[in-house]
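Have a look at the structure below before the remarks.
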Amino acid sequence: MEFVLKRIYDPASPEDGYRVLVDRLWPRGVKKADADISCWAKEITPSPDLRKWFHEDREGRFKTFSERYAKELEDSPAVGEFIRSIPEGTDRVTLLYAAKAGAPSHVGTLKAALEKAAAAISLKK
């Protein structure tokens, strides 16, 4: 299973596969009816406190934020639950987010955690 990153504002494509919104807050300017998502995975996004802390100084806090978020994901059963909820036979999961390209964001950390969890779960099968 492959995980890829894509902005929610970019057009949907058949190659996206299983499209998952991975922002805790709904993206501005996107109508829910037009979003074309398979699910909204708020449970694997940064906790509200961590997200608020990070948004106070994205550039200065990014490294520490990434470490703290990775720890949240490592300690959370939601990551494994999310992986197991992906429909059988899914080849590509597109993680959709609202942050501008190049802006410090949680999605790289999330992608790495999901790849690690998916590999561990597939080894157990």
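Numbering follows full-length UniProt numbering, with no gaps: position 8 of the sequence shown is 8.
Note that CB positions come from ideal geometry on N, CA and C, so glycine has one too.
Small disclaimer: the values here were computed from a predicted structure and weren't measured.
message: Taking only three categories from DSSP, how would you classify Val4?
response: strand
message: Along the chain, where does the beta strand (DSSP E) containing Val93 start, and where does it finish?
response: Val93 -> beta strand (DSSP E) spans Arg92 to Tyr97.
- prompt: Which residue from Lys31, Ser38, Lys52 and Ala12 puts its Cα closest to that of Val22?
  reply: Of Lys31, Ser38, Lys52 and Ala12, the residue nearest in Cα terms is Ser38.
field: Environment of Gly89 [buried if 16+ CB atoms lie within 10 Å]
entry: exposed
- prompt: What first and last residue would you give for the alpha helix (DSSP H) that runs through residue 129?
  reply: This structure gives no information on residue 129, because the portion of the chain shown stretches from 1 to 125.
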